[in-house]
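For reference, the structure is listed below as structure tokens.
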Ligand code: 13P
């Protein structure tokens, strides 16, 4: 079994101005050698400043979305190459909030992820079911379909991370049971191995949705959970630090 590098990823969503860079400084001071990969995806306006703040450390910086095209008449959008130029190494694609707010389809997410790869970025491709879909027993079908449709053909363990984020667990304080997380992650792993072989075995699978310092350890002990994609609790150095420490110990 290949060892998959553990990844604690923070998604700041539409939060943070320059004042929030102090959280990064605190995090770096408290966890100079975190024991796992640490990534923060701030709003696009902070990517460059955060990359500068993280210089000389192992902290990784990412974007939260990119356009599928290299450049062009797309007012307000940011390309993958622009994120890379600003100092990003990763970009989140297909977050459920973008699928909901901007109507992004699996095909869009695949195109964006291909654009990320072309720019040398690691794509963190998000999938997850609604509460209604879970209650009607469609979770594995929905997530499997999103995985198949959103992950590019040329995905490798080096350029792709998959994040399972049940929509009903995002920002709600509700977390699936450990059995439910294991069921989805094991199914995703099987699908990735069936499609990508050894690369699928080596691809990281993150869990996201109300991960906090208090529940992180038990989630990280679940099979095929290689880290977390954290929203609210990534905004404060003390909380994200607790999650990083739990992952380092897992
Ligand atoms: P919360 O951790 O705030 O539930 O958000 C999860 C998420 O959407 C990360 O991308």
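Residue numbers (this note's numbering): -7 to 242.
By construction, the Cβ of each residue, glycine as well, lies at the ideal position given by its N, Cα and C atoms.
All values derive from a computational prediction rather than experimental measurement.
TODO: Tell me whether residue 196 sits in a helix, a strand or coil according to DSSP, three-state version.
DONE: strand
- [ ] Under 6 Å Cβ to Cβ from residue -7, same chain only, skipping five residues before and after it: list those, please.
- [x] Bear in mind that the predicted position of residue -7 carries a pLDDT of just 49, short of 50, making it unreliable; the figure below should be weighed with that in mind. There are no such residues.
Open item on the list: Measuring straight from C-alpha to C-alpha, what distance separates residue 56 and residue 126?
Closed with: Cα to Cα, residue 56 sits roughly 26 Å from residue 126.
Open item on the list: Whole angstroms are fine: how far does the CA of residue 43 sit from the CA of residue 88?
Closed with: 25 Å
Open item on the list: Cutting at 7 Å between CB atoms, please list the residues of its own chain near residue 69, excluding the five before and the five after it.
Closed with: The beta carbon of residue 69 lies closer than 7 Å to those of 59 in the same chain, with the five residues before and after it left out.
Open item on the list: Is residue 92 near the ligand 13P - that is, is its Cβ less than 7 Å away from at least one heavy atom of it?
Closed with: no
TODO: State yes or no: is the C-beta of residue 102 within less than 8 Å of the C-beta of residue 144?
DONE: At the C-beta level, residue 102 and residue 144 come within 8 Å of one another.
Open item on the list: If the criterion is Cβ atoms closer than 8 Å, does the pair residue 120 and residue 159 meet it?
Closed with: yes
Task: Backbone CA spacing between residue 6 and residue 14 [nearest angstrom] - done: Those two C-alpha atoms are separated by around 17 Å.
- [ ] Output the boundary residues of the beta strand (DSSP E) element that contains residue 124.
- [x] Looking at the DSSP string, residue 124 is not in any beta strand (DSSP E); the run it does join, the alpha helix (DSSP H), is 123 to 127.
Open item on the list: Using a Cβ-based criterion (distance less than 7 Å to any ligand heavy atom), does residue 206 qualify as near the ligand 13P?
Closed with: no
Task: Whole-angstrom distance between residue 184 and residue 174, CA atom to CA atom - done: The alpha-carbon atoms of residue 174 and residue 184 are separated by roughly 15 Å.
Task: With 16 other Cβ atoms within 10 Å as the buried cut-off, status of residue 19 - done: buried
Task: Same chain, Cβ closer than 7 Å to residue 232, neighbours up to 5 away in sequence not counted - done: 2, 19, 222, 225 and 226
Task: Run of the alpha helix (DSSP H) containing residue 177, from where it starts to where it stops - done: 170 to 188
Task: Residue range of the beta strand (DSSP E) that includes residue 222 - done: 219 to 222
Open item on the list: Taking the alpha-carbon of residue 25 as reference, which of 196, 209, 52 and 181 has the nearest alpha-carbon?
Closed with: Closest by alpha carbon: 52.
Open item on the list: Measuring only the C-alpha atoms, how far is residue 124 from residue 16?
Closed with: 37 Å
TODO: Out of 110, 80, 116 and 138, state which residue places its alpha-carbon closest to the alpha-carbon of residue 99.
DONE: When each option's Cα is compared against that of residue 99, the closest is 138.
Task: residue 3, enclosing beta strand (DSSP E) - first and last residue - done: -1 to 3
Open item on the list: Could you check whether the Cβ of residue 39 sits closer than 7 Å to any heavy atom belonging to the ligand ATP?
Closed with: Among the ligands in the structure shown, the ligand ATP does not appear; only the ligand 13P can be found there.
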